[in-house]
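Asks: The structure is given below, and queries will be raised subsequently.
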Amino acid sequence: MIKASLAVLAIITFFALYVLLIIGLGYLVLWAFTYDMLEINKLTILAKIGAIAGSIMLFVFTLKFIFKLKNHKPSNRIKLHKEDYPQLFEFVYQICKETGAPKPKSIYVDPDVNAYVSYTNIWLSLFFPTGKDLTIGLGLVSSLNMSEFKAVMAHEFGHFAQKSMKIGSYIHSANTIIYDMIFNRDSWDELLDKWRGSDIRLSAAAWIITPLIWLIRKALELFYMFLNYMHSALSREMEFNADKVAVKTTGSLAIVSALWKLDFGSNYWNTIVNNAFHATKKKVYTKNLYSHNLNFIEKERPVVEQKFNELPQEESGAKQFFSSSNTSKVNMYASHPPNDHREKNAKTPFVDCEFDKRSPWLIFNKAEQLQEEMTALIYENYLGKTPNEYVSFTDFEKFIESESRNEALTNEFENTFELRFINIPDLEDFKKLDGFEGDFSVRIKEIKEQLKELMIPVRAVADKMLKVQQIASKEIKDKTIEHNGVVYNQKELQECYNILYNERETLFSEKFKGWDELFLQSYYRLAKTKGKAAQLLDLYAQQKNIIGIYQGLMVGKGKIMNGIGNLQANKDVTQAMIDRLANEIMEYIDEINDTIANLDSSVFVALPNIETLEELKDSIIEGGKVEKESGQIFENGGLNKMVNAIENAIISCNRVENKNIDQILSFHKSLV
């Protein structure tokens, strides 16, 4: 109640000050028009015009957000109708009855592992009683059993019943106003910039109001932080209360178990969507992504059950899903409490209840039809594709299976290839090597022991890098970190992280080169004795080419971002400077495309789901190259398109590089 009262007070204070600001600037406009000009001459006329223009600019500044008001409607949802899904609506209405919450005006579904409530119109909700919509993520439906699903729905209806949800609407509105005034740079700012750049006799008023705008923005920025701090604290309290509503309908364990499963569900669903994205490059489409998601969940069920069985048991006999630690700390701007806090809240007092382990899909009358409709939406909205033909369930499953990595092979070598690029020597040097002599098993055992030693300092640095991130996000209570005798405070965390990152990269480049050569040459010698040296050398060569493209993409992106950063830091930017950077960016794109084109003259080795050289290039980037945009790339969105293409290519290149290193490790294994 205290947090809600403080949030209300903050909102009232903001809107009161905001209205006073509008009234004050309105009077300033009136005064600018009506004040007496004691003497009429060129100077006083210019002053009059400047006063009117300046006061109008300030007044418009406070109201410019109005021209951008819109009631955002997500484009990734499908509205459900009661006549098509009577069981789902009956299920939802029963929860409304049990929780005392009003019925939703509409029920929607979206693709994800989530559920949420929202006002039908966020702006009208400020002034009138407005209905609320319920959105159910179909990924969530696949991830939970019936009891857990009911608990999540009851949690959402707990929000339905909360009067404090209305506070969120006001804070959202206040944030929209403040954000637009502080951070958005639009035509209003462009007009002010042009005005300041005009003749000093005309621009004097613009220079006078510029510091006033800066002061208003700084004051609002502080208010923005305070409002969000208050809202986050209230939001966490609302989450606790909504969990209590879920406990009332389904017991203590269902909501906690659902929270625990959400990470698994999100990872599994993301895996399916990523596979669907890669499959589109081979023009492989499925009618129903959710059938594959359910199949994937079923395959992983033993893993989840094992992790469930390994959870510690509490005195009550119930499982403890989340570790409760003294280091657990809430970020002041976090909208949700930590899961261990939520678990404790849900279990105090403990309410036992039977579990219904059936799938929630049972209450979706047209489940398969809905899944297919949502799959089509995903292809269109998320992947930009409109499939005409579909492969069978079995063929798409084969694609997914081919995308899965052999974790046993990477684990065997300390996961070192997950963290870095392997150093491949000059391929001509391999051809000079003699066949392997002696006991290979002894040799590889020695190599593995050397790798363990090399990985010790790498892991130590990685642990510190993780701790820096945890301090920065306030996941732990520590406020400083010590490294090499230097203590870094919160303001110096980025500096510390950069030092640690560079140390790790130095370890990789200086300490692992010799080990990589020994590792690769040992297997090459063995391959030579078995008449398979040429095939292995082709894989090594392909890995070297892929790494070259990967590094070229990252260097190219780095050059582009540095160029943009330098331009933004320059106070006096000219059109010539902008044109020069645009030309440099085009040169970087050419360098990237040349590196990819070099694959044409190299040996190609087929990889899982990549059977031809053209497919390899297309797997890295659609069309085999970064498309160069034309025109004013900084204004027409061309720059963003090229940078996005490079970023996507980096992600795709990571996939291809992983496939090839897996192929190398598998080939090595086959030699032994």
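So the sequence shown is residues 34 to 705, counted in my numbering. Glycine included, each C-beta is placed from N, C-alpha and C at the ideal position. Note that the coordinates shown come from a computational prediction; the quantities given were computed from them, not determined experimentally.
Tell me whether the stretch 393-408 and the stretch 658-668 touch, counting them as touching only if at least three CB pairs, one residue from each stretch, are closer than 8 Å.
Replies: Counting Cβ pairs under 8 Å, fewer than three are found: no touch.
Asks: List the whole-angstrom C-beta distance separating Leu255 from Ile211, where the pair is believed to meet the contact cut-off of C-beta under 8 Å.
Replies: The pair is not a contact, with the Cβ atoms about 10 Å apart (cut-off 8 Å).
Asks: Buried or exposed: which applies to Trp240, given that a residue is buried once 16 or more other Cβ atoms fall within 10 Å of its Cβ?
Replies: Flag for Trp240 reads exposed.
Asks: Roughly how many angstroms separate the alpha carbons of Lys524 and Lys497, rounded to a whole number?
Replies: Their Cα atoms are separated by approximately 16 Å.
Asks: Excluding the 5 residues flanking Glu746 on each side, which residues of the same chain have their C-beta closer than 8 Å to its C-beta?
Replies: Shown here, the chain extends from 34 to 705; a query on residue 746 therefore has no answer.
Asks: Measure the C-alpha to C-alpha separation of Ile330 and Tyr301 and round it to an integer number of angstroms.
Replies: Approximately 7 Å, taken between the alpha carbons.
Asks: Any Cβ of chain B within less than 8 Å of the Cβ of Val491?
Replies: Absence of chain B from the displayed structure is noted, only one protein chain being present.
Asks: Please go through the same chain and pick out, in chain order, the residues whose beta-carbon is closer than 7 Å to the beta-carbon of Ala237, but skip the five residues on each side of it.
Replies: Within the same chain, Ala237 has close Cβ partners Gly83.
Asks: If you count every other CB in all the chains shown that lies within 10 Å of the CB of Phe66, and 16 or more means buried, which is it?
Replies: The residue in question, Phe66, is exposed, as its Cβ has fewer than 16 Cβ neighbours within 10 Å.
Asks: Please classify Met594 as buried or exposed, where buried requires at least 16 neighbouring CB atoms within 10 angstroms.
Replies: Exposed is the call here.
Asks: Alpha carbon to alpha carbon, how far is Gly170 from Val150?
Replies: Rounded to whole angstroms, Gly170 to Val150 spans 12 Å at the Cα level.
Asks: Would you kindly report the start and end of the unbroken alpha helix (DSSP H) that includes Gly671?
Replies: Start and end: 671-704.
Asks: Decide if Gly670 is buried, meaning its Cβ has at least 16 other Cβ atoms within 10 Å, or exposed.
Replies: By the neighbour-count rule (16 or more Cβ atoms within 10 Å), Gly670 is not buried but exposed.
Asks: Identify whether Lys362 lies in helix, strand or coil by the three-state DSSP scheme.
Replies: Below a pLDDT of 50, predicted positions are generally treated as unreliable, and Lys362, at 49, falls in that range; no measurement from the model is reported.
Asks: What residue range is occupied by the uninterrupted alpha helix (DSSP H) comprising Tyr706?
Replies: This structure leaves residue 706 out entirely; the chain is present only between 34 and 705.
Asks: Please report how far the alpha carbon of Ser474 lies from the alpha carbon of Pro641, in whole angstroms.
Replies: Their backbone Cα atoms lie some 29 Å apart in a straight line.
Asks: Look up His325 in the DSSP assignment and say whether it is helix, strand or coil.
Replies: Residue state, collapsed to three classes: helix.
Asks: Of the residues Leu260, Pro371, Cys129, Ile683, which one's Cα is nearest the Cα of Lys165?
Replies: Answer by Cα proximity: Cys129.
Asks: Can you give me the start and stop residues for the beta strand (DSSP E) that Ser139 sits inside?
Replies: Unbroken beta strand (DSSP E) run through Ser139: 139-143.
Asks: Just mark Ile455 as buried or exposed, buried being the case when its beta carbon has 16 or more other beta carbons within 10 Å.
Replies: Buried, since its Cβ has 16 or more Cβ neighbours within 10 Å.
Asks: Could you check whether the stretch 255-270 touches the stretch 217-228, counting it as contact only if at least three pairs of C-beta atoms, one from each stretch, sit closer than 8 Å?
Replies: Contact between the stretch 255-270 and the stretch 217-228 is absent, because fewer than three Cβ pairs lie under 8 Å.
Asks: Just confirm the distance between the C-beta atoms of Val689 and Ile622, as a whole number of angstroms; I'd bet it's less than 8 Å.
Replies: Not a contact, Cβ separation roughly 20 Å.
Asks: Which first and last residues belong to the alpha helix (DSSP H) in which Val520 is found?
Replies: Val520 -> not in any alpha helix (DSSP H); beta strand (DSSP E) instead, spanning 519-521.
Asks: Can the beta-carbon of Leu410 be found less than 8 Å from the beta-carbon of Ile111?
Replies: The answer is yes: Cβ separation under 8 Å.
Asks: In terms of residue numbering, what span does the beta strand (DSSP E) encompassing Gly284 cover?
Replies: From DSSP, Gly284 is part of no beta strand (DSSP E); its letter is neither H nor E.
Asks: Can you check which of these residues, Lys316, Leu416, Asn378, is closest to Ala275 by C-alpha distance?
Replies: Among Lys316, Leu416, Asn378, the Cα nearest to that of Ala275 is on Asn378.
Asks: Cutting at 8 Å between CB atoms, please list the residues of its own chain near Gln353, excluding the five before and the five after it.
Replies: Answer for Gln353: Leu344, Pro345, Gln346, Glu347, Glu376, listed in chain order.
Asks: Where DSSP assigns a beta bridge to Lys661, which residues make up the other side?
Replies: Lys661 pairs with nothing; no bridge assigned.
Asks: Within a Cβ cutoff of 7 Å, which residues of the same chain sit near Asp389, ignoring the five residues on either side of it in sequence?
Replies: Excluding positions up to five away in sequence, the list reads Asn178, Met179, Ser180.
Asks: Buried or exposed, going by whether 16 or more other CB atoms sit within 10 Å of the CB of Ala49?
Replies: The residue in question, Ala49, is exposed, as its Cβ has fewer than 16 Cβ neighbours within 10 Å.
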